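Step one of this worksheet: look at the structure below.
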Amino acid sequence: VPDEGRWRPGFGAVAAIYAVGLLSWRVANHGPPHAAGVAIAVYAAGLLLGPSVVYAVLRRGGSRVGRAASVALGIPLLWLVKELVRVSAVHPPAESLYYALNPVAVGVYCAAVVPMALVEVEFRWRSEGPSRREAVRGWPAWVLGAFVLLAATAAAVGYDNGGREIFYAYVALYRVLFSSGS
Amino acid sequence: MDDMLGRRRSRRAFLAGLARALLHGLGGATLGAAAAKGGRADPTAANRAHRAGRAATERPPNIVVILSDNHRWDAWSGGGHPFVRTPALDRLAREGLTFANAFATTPLCSPARASFLTGRYAWQHGVWNNSDRGRWDDDNVTFLELLSRAGYATAFIGKWHMPGSGLPRLRGVDHFVTFTIQEGQGRYFDCPLVVDGREEPSRKAYLPEELTDRAIGFLAEPRDAPFCLYLCHKSVHHPWRPAPDHEGLYADAPVELPTGAHSWTGFTNGEIFGGFERPIESAIRSYMATVSSMDREIGRLLDALERHDLARDTVVVYTSDNGFLFGEHGRVELRWPFEEVIRIPLLVRAPQRVATPGRRVDAMALNIDLGPTLLALAGLGPPPLMQGVSLAPYLADPDAPGRQAWLVENHREFPYNAPSYRGVRTERYLYVEYEGRFDPTLHDVVDDPRQLHDLMDTAEAERVVPMLRAQLAALKRGERLDGPSDSGRGVDRAG
Numbered sequence: 006v007p008d009e010g011r012w013r014p015g016f017g018a019v020a021a022i023y024a025v026g027l028l029s030w031r032v033a034n035h036g037p038p039h040a041a042g043v044a045i046a047v048y049a050a051g052l053l054l055g056p057s058v059v060y061a062v063l064r065r066g067g068s069r070v071g072r073a074a075s076v077a078l079g080i081p082l083l084w085l086v087k088e089l090v091r092v093s094a095v096h097p098p099a100e101s102l103y104y105a106l107n108p109v110a111v112g113v114y115c116a117a118v119v120p121m122a123l124v125e126v127e128f129r130w131r132s133e134g135p136s137r138r139e140a141v142r143g144w145p146a147w148v149l150g151a152f153v154l155l156a157a158t159a160a161a162v163g164y165d166n167g168g169r170e171i172f173y174a175y176v177a178l179y180r181v182l183f184s185s186g187s
Numbered sequence: 101m102d103d104m105l106g107r108r109r110s111r112r113a114f115l116a117g118l119a120r121a122l123l124h125g126l127g128g129a130t131l132g133a134a135a136a137k138g139g140r141a142d143p144t145a146a147n148r149a150h151r152a153g154r155a156a157t158e159r160p161p162n163i164v165v166i167l168s169d170n171h172r173w174d175a176w177s178g179g180g181h182p183f184v185r186t187p188a189l190d191r192l193a194r195e196g197l198t199f200a201n202a203f204a205t206t207p208l209c210s211p212a213r214a215s216f217l218t219g220r221y222a223w224q225h226g227v228w229n230n231s232d233r234g235r236w237d238d239d240n241v242t243f244l245e246l247l248s249r250a251g252y253a254t255a256f257i258g259k260w261h262m263p264g265s266g267l268p269r270l271r272g273v274d275h276f277v278t279f280t281i282q283e284g285q286g287r288y289f290d291c292p293l294v295v296d297g298r299e300e301p302s303r304k305a306y307l308p309e310e311l312t313d314r315a316i317g318f319l320a321e322p323r324d325a326p327f328c329l330y331l332c333h334k335s336v337h338h339p340w341r342p343a344p345d346h347e348g349l350y351a352d353a354p355v356e357l358p359t360g361a362h363s364w365t366g367f368t369n370g371e372i373f374g375g376f377e378r379p380i381e382s383a384i385r386s387y388m389a390t391v392s393s394m395d396r397e398i399g400r401l402l403d404a405l406e407r408h409d410l411a412r413d414t415v416v417v418y419t420s421d422n423g424f425l426f427g428e429h430g431r432v433e434l435r436w437p438f439e440e441v442i443r444i445p446l447l448v449r450a451p452q453r454v455a456t457p458g459r460r461v462d463a464m465a466l467n468i469d470l471g472p473t474l475l476a477l478a479g480l481g482p483p484p485l486m487q488g489v490s491l492a493p494y495l496a497d498p499d500a501p502g503r504q505a506w507l508v509e510n511h512r513e514f515p516y517n518a519p520s521y522r523g524v525r526t527e528r529y530l531y532v533e534y535e536g537r538f539d540p541t542l543h544d545v546v547d548d549p550r551q552l553h554d555l556m557d558t559a560e561a562e563r564v565v566p567m568l569r570a571q572l573a574a575l576k577r578g579e580r581l582d583g584p585s586d587s588g589r590g591v592d593r594a595g
């Protein structure tokens, strides 16, 4: 199936959602305390649900999965870049890159991908062509993978008292990679 | 008395050890480098007199040190907190002295713990942070080792938590109870223990209760020699868990957040690793309930001292490794050079030694002073390696003058936000130089105790920063600015 979509609507949606996110982040950090909760909720919604909005826009515009997903994931990518800039004020570049693998960041990616997977399911369900049963049977592996990953993450964090052992394992790997034997 | 090899020590051996250690102390001690000026009392001389006068006639006191974790200096009822109740700490303050200006030289668990034990700054003892920079060196000399050499029976019970390969070989510690799970942080319930090198399950479900039981068991052992018990609680480190009957103890307490904080500060700017997976108000209530649970255990220990007729002969010290930020400066963390973090509680009860129980001492006291203080109370002097000074003179004279300035330092720890820094704290100023993309900061902690106004671009900074930089350079070189100094106070005010 040819990719009939366009990049521009996706980039526009990413820019709009990220701009709202930055604004709400500023309010959360520097605005009145009573507005902080709402601002953080808006920011989190943009980060976690924004990719699925972008994904839906692109899919309905005729984009194939690859284009829609890569543009939609620009939102957590921009968030990550912002985080790495912040972290690099304290830690060297290589260690800052390793920060991208911290459990909270990984949780954000998982949590962002799952709504996209739901959009994909909904899109196939409504789309013409294959029957609904075939659409369900034809779920791409990444859709299933996203569900499995999120479920596994949630179970591990719940089992592990908020994910403490996972965090300690992450720090232990950091020591192996970056420190000299301690 | 058992030594590390499990041998029994005789009273004669104890006295011989005490004499050796006393000679070592008098010959090698470098207590209080700076001389007193302007007719003020000289802590060094007072120390010497204190040692000489006592050691010949008195049996050294027993020593109990209780070290908690992340306990803010103001989070106890005697410290003015609006709702937490800490009757045991209040009792210690009432019957002893409160050091109202006590500080951690590195406001982080492992380095601070090593500083307590060794009497040295982090850049000297080598434990730079909790996990990845530096490590505990078994060649470090601890006050426990020196007390043991002098004949004390010693026990380390509780949180060790220092980076290194496994548990240390602590010379001079007769009884070592600790835990290693969760990177040495332990857990509040059903925490497996390591008892003298052997793994054992906890007998009590709640860790503070288990540790207190073991501490009471140690002090109740019949012995001729004095003892030193070093009890290190996990409380009140996150995840805060009070005793089951204290759950919800402060559920209805009104929590007032500091300026700049909101309920969700723990979710901003990477602060999530500070341990706040919930609104700050909820975390504070749990923290305070955990403080009260720990306080109850401290009360049990004090009662046991009474019950075993040991209270009169036992010096009890309560302190913590560092403080904590509950939203101040938009952070829920430690490590940063803010008063809420570097200040620690320090209470000393020393029956028959404190001249005026219930008094407060305003001179600046440091974690590195613990070792020299305990050694002085035992009639010993600290070895030259120790960088702190004895606080024993304040027992007789709470108004004795204090040190001029000291070094505050931090070494970055991945993935936390605080950069490496070194700074100098005087009675009035806190000046800090950072690594990474951070500019130096200067705060007047007398007029602006919450450090809301950075003075670096003001005329005041032009006046005082050169001298503070000179002091910082001296401290980095290892010089001590311990003694009371008119010039130091002059710098503080006029530059």
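Each protein sequence line maps, in turn, to chains D and C.
Note that our numbering has the first sequence beginning at 6, numbered continuously upward.
Note that our numbering has the second sequence beginning at 101, numbered continuously upward.
For each residue, glycine too, the CB sits at the ideal point set by N, CA and C.
Model, not experiment: these values are computed from the prediction.
Contacts that proline 120(D) makes with chain C (C-beta to C-beta distance below 9 Å): Ordered by position in chain C, no residue passes the 9 Å Cβ test against proline 120(D), which lies about 20 Å from the chain.
Counting only Cβ-Cβ distances shorter than 7 Å, please list the residues of the region 22 to 54 of chain D near chain C, keeping chain order. Ala33, Asn34, Pro38, Ala41, Gly42 and Ile45
Could you round the C-beta distance between alanine 404(C) and alanine 325(C) to whole angstroms and report it? I think they count as a contact, below 8 Å. Rounded, the Cβ-Cβ distance is 19 Å, inconsistent with contact.
Local Cβ density within 10 Å of serine 132(D), reported as buried at 16 or more and exposed below that: exposed
Just to confirm, is the Cβ distance from valine 508(C) to proline 437(C) under 8 Å? yes
For a test of the three-state rule: what should DSSP assign to valine 86(D), helix, strand or coil? helix
With a threshold of 16 other CB atoms inside 10 Å of the CB of glycine 348(C), please say whether the residue is buried or exposed. exposed
Any chain D beta carbon closer than 8 Å to histidine 261(C): no
Answer with yes or no whether the minimum CB distance from glutamate 127(D) to chain C is below 8 Å. no
Distance, leucine 178(D) Cα to aspartate 395(C) Cα: 37 Å
May I ask which residues mark the beginning and end of the beta strand (DSSP E) holding arginine 449(C)? 446 to 449
Give the list of continuous alpha helix (DSSP H) stretches no shorter than 4 residues that lie fully inside the region 442 to 528 of chain C. 470 to 477 and 493 to 496
Show which residues of chain C have a CB atom less than 9 Å away from the CB atom of tyrosine 104(D). Gly370, Phe514 and Pro515
Local Cβ density within 10 Å of glycine 523(C), reported as buried at 16 or more and exposed below that: buried
Report the neighbours of serine 231(C) on chain D: residues whose CB is nearer than 7 Å to its CB, in chain order. Val176 and Arg180
Among the residues of its own chain, which have a CB less than 7 Å from the CB of glycine 186(D), if the five just before and after it don't count? Low per-residue confidence applies at glycine 186(D): pLDDT is 42, beneath 50, and the placement is therefore not dependable, though the value from the model is reported in the following sentence. Result list for glycine 186(D): empty, nothing under 7 Å.
So that I know if they touch, is there some Cβ in chain D lying closer than 8 Å to that of glutamine 282(C)? yes
Less than 8 Å between CB atoms is the rule here; does alanine 214(C) satisfy it with respect to chain D? no
Within-8 Å CB hit, arginine 537(C) to chain D: yes
Simplified DSSP state of arginine 169(D), which is helix, strand or coil: helix
At 8 Å on the CB atoms, spell out the chain D contacts of histidine 275(C), in chain order. The premise fails here: histidine 275(C) is roughly 27 Å from chain D at the closest Cβ pair, so nothing lies under 8 Å.
Taking Cβ positions, are tyrosine 48(D) and asparagine 107(D) nearer each other than 8 Å? no
Do threonine 206(C) and alanine 212(C) have their C-beta atoms within less than 8 Å of each other? yes
Taking 8 Å as the threshold, find out whether the region 176 to 190 of chain C comes into contact with the region 429 to 444 of chain C through three or more Cβ pairs. no
Give me the Cα-Cα distance between serine 382(C) and aspartate 499(C), rounded to the nearest whole angstrom. 40 Å
Measuring CA to CA, which of Arg271(C), Pro263(C) and Gly266(C) is closest to glutamate 245(C)? Arg271(C)
Apart from the five residues just before and just after proline 358(C), which ones in its own chain have a Cβ nearer than 6 Å to its Cβ? Gly427 and Glu428
Considering only their Cβ atoms, is the gap separating glycine 15(D) from leucine 63(D) smaller than 8 Å? yes
With DSSP run on the structure shown, which of helix, strand or coil describes leucine 126(C)? Residue placement at leucine 126(C) is flagged as unreliable, the pLDDT there being 37, under the threshold of 50; a coordinate-derived value is accordingly withheld.
According to DSSP, tyrosine 330(C) sits in a beta bridge with which residue or residues? Val165(C) and Phe256(C)
So with CB distances below 8 Å, who are the chain C contacts of alanine 161(D)? Per Cβ cutoff of 8 Å: no residues; alanine 161(D) is ~15 Å from chain C at best.
Can you tell me whether aspartate 544(C) is helix, strand or coil according to DSSP? strand
With a cut-off of 8 Å, does the C-beta of histidine 362(C) fall near any C-beta of chain D? yes
Sub-8 Å separation of isoleucine 444(C) and threonine 419(C) beta-carbons: yes
Which residues, in chain order, does the region 65 to 96 of chain D contribute to contact with chain C at a C-beta distance below 9 Å? Glu88, Arg91, Val92, Ser93, Ala94, Val95 and His96
Measuring only the C-alpha atoms, how far is leucine 400(C) from threonine 312(C)? Checking the sequence, you will find arginine at residue 400(C) rather than leucine. Looking at the two C-alpha atoms, the distance is approximately 8 Å.
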